[in-house]
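Here the structure comes first, spelled out in structure tokens, and everything after it is commentary.
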Amino acid sequence: MRLQTLLQTPSMQHMRVIAGERGLKREISNIGMIESPDIADYLANGQFLITNGYPFVNTTTDPLTLIKAMHNANCAGLGFKDHRYVDHLPKKVIELANELAFPIIITPGDELISETMRKMLSIILKSQTNELSRIVKANQTLADLLLKDPTNTTVLNKCSELIHHPLFLMDSHFRVVSASQDLPMTRNTLTDFLRNQTDIDYFNLNTRVILPYQANDLTIMPLFSAYKENKAFVGVVDLDPANSTDQMLTQVVLNTLSFVNGRVDMLNESAFRNQSGFYLNVMDGGISNDLVNKTLKARNIDPSTKFHCATILVTTNHQALLSNHLLEQVQQLTLWFIKEYQASVIVFSLKQQLVLLINDQQNAQHFLTALVQFIQPKLDRQARLIAGYSYSTLPLTELATTYNEAAEALALSKNSPHAVTIYRPKYVKELISLIPQNEARSFVERVLGGLVSGVSANEQLNLLTTLYGYFYYHQNIAEVAGHLDIHRNTVIYRLKKIEKMLTLNLDDPEQTQTLEMAVLLWHNQQSQK
């Protein structure tokens, strides 16, 4: 209880404050008596000392030194028995007490000090009992309320009613998401102040802070969360840090709101798992396009919206399977980053990867680079975060296509110095180079083997070069002749000879398709020699 409250009780009416009146709001929790010169070594927070003045008369205790020591120990005050050994205090003592706002009180001279202490302790104990009863009642009230599955606003209103201070709840981004009805400012203005007009690093905020705002003091406290990357905060308006009852009731409120926040975390995690299951079914083709589009509309997503697909993965040199803790950390950091910047990105998990669907209006390269730069410093030194994303942007019904591109780009990131890699569409030469050499050689020999017999190596090369030019220039004989610097009739002669040696017709689309593939493989082999 406060010293001021104690002095206002009827049995304390005979006490007089002679100095340090500004300090009457100090908390008082126990009473002591000055019995030895070294009392300064045994001071305690909230302690009120009473003396008959004798230690100051025989100069064993310096009152100035004692007052400074008691002020530093956050004691409640000092009492002198009226007209016992000290008729009046020196001016320097009064001035120091006023300067430090340290109360000096005259206790009744016709009453034993032990009786004065008994009365004061009785009042303090009664007050502490009442405080304890109030705290127990508040705890029970909130516990009963939680059984009814209340809204955040209902819980905040009840908490505000119990501690007599307006409250507001913030998410992990310092956005005010709910408030008690007695909050003296709007949620939007408060959010703007907290996010844009303070320099608080709310991502790393783990302790209580007090912020002046308009005519109020805002006490901001983090709530307990299963995921430190997703902690929420509660704000209390004009909370008195010196009021023990307020502090204990606030702790009850913190416990209650932490429980509510933990329940929200569980619901969010369950929703994330359900979302992952849905998109995995979409990717596997287990859901019809009509049902996919219907579900997307229910989630306020236009089915025609196109997305890049990206995959992110944590790699380590020593561990094939990553710990659940590391995977959860990356997931929570990713979700926090997306919400912080309100990016148009959908996330779901696939085994030990996270899959991100990035709206085509969003710059995928910029977003993924910023995401990696945000997460990487927070991971273990042995861990490396990499990402790959699709070149194509397609509706979510084509998720399998964009995911395959992202997965291939991710595989390239593993051996790349760059953490983020985009899928590169493969051109004909790249596709051909992926065919195993033994299979390519066998195919070429089977299709073009007829050109070997009966001609010299030089003539064979001329025939194949002409045939390659024939396909390269879209069967334009004049272009082929010009490129090879020969007469067009020579080109026609060579093509006729090829038809005869291979027993095929260049006007037959199916035969031409096979022949063109063989020539391309042959040309690729020549370029690699």
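Letter by letter, the sequence shown follows residues 213 to 741 in the working numbering.
A virtual CB, placed ideally from N, CA and C, is assigned to each residue, including glycine.
Here DSSP, grouped into helix, strand and coil, assigns residue 633 to strand. Here the segment 443-460 lies against the segment 371-379, with 3 or more beta-carbon pairs under 8 Å apart. Per the coordinates, the alpha-carbon of residue 339 lies some 11 Å from the alpha-carbon of residue 240. In terms of Cα proximity to residue 214, the closest of 455, 576 and 637 is 455. Distance from the CA of residue 736 to the CA of residue 729, rounded to the nearest whole angstrom, comes to 11 Å. Shortest Cα-Cα distance from residue 461 to any of 254, 352 and 229 involves 352. Note on the segment 433-492: whole beta strand (DSSP E) runs with a minimum of 3 residues are 445-449, in chain order. Taking the Cα positions, residue 700 is about 34 Å away from residue 649.
DSSP, reduced to helix, strand and coil, places residue 561 within a strand of the structure shown. In this structure, residue 508 places its C-beta atom within 8 Å of the C-beta atom of residue 608.
Apart from sequence neighbours up to five positions away, the residues of its chain that approach residue 457 with a beta-carbon distance below 6 Å are 343, ordered along the chain. Less than 8 Å divides the Cβ of residue 319 from the Cβ of residue 291. Beta-carbon to beta-carbon, residue 435 and residue 427 are separated by about 26 Å, too far to satisfy the 8 Å threshold.
The DSSP-derived three-state label of residue 606 is strand. Taken through DSSP and simplified to helix, strand or coil, residue 429 comes out as strand.
The three-state reading of DSSP puts residue 421 in strand, counting E and B together. Rounded to whole angstroms, the Cβ separation of residue 385 and residue 552 is 5 Å, and the two are in contact under 8 Å.
The Cβ atoms of residue 634 and residue 685 lie no closer than 8 Å to each other. Going by beta carbons, residue 561 and residue 543 fall inside the 8 Å limit.
In the DSSP assignment, residue 526 forms a beta bridge with 597.
Residue 504 sits in a helix when the DSSP states are folded into three classes.
In the three-state reduction of the DSSP assignment, residue 667 falls in the coil class, being assigned neither a helical nor a strand state. The distance from the Cβ of residue 309 to that of residue 252 is about 16 Å, inconsistent with a contact at the 8 Å cut-off. Between the segment 353-361 and the segment 465-485 there are three or more inter-stretch CB-CB distances shorter than 8 Å, so the stretches are counted as touching.
At least 8 Å separates the beta-carbon of residue 603 from that of residue 521. Counting along the chain, no alpha helix (DSSP H) covers residue 236, and no H or E run does either. CA-CA distance, residue 440 to residue 244, rounds to 44 Å.
Around the beta carbon of residue 422, a 10 Å sphere encloses fewer than 16 other beta carbons of the protein chains shown; the residue is thus reported as exposed. By the CB criterion at 8 Å, residue 288 and residue 265 fall outside the cutoff. Residue 644 sits away from residue 727, with the two beta carbons spaced by 8 Å or more. Here DSSP, grouped into helix, strand and coil, assigns residue 246 to coil.
Taken through DSSP and simplified to helix, strand or coil, residue 521 comes out as strand. In the displayed model, residue 359 falls within coil according to three-state DSSP, outside both helix and strand. Secondary structure note for residue 729: its alpha helix (DSSP H) is the uninterrupted segment 721-740. In the three-state reduction of the DSSP assignment, residue 571 falls in the strand class, which pools E and B. Under the three-state reduction of DSSP, residue 698 is assigned to coil, being neither helix nor strand.
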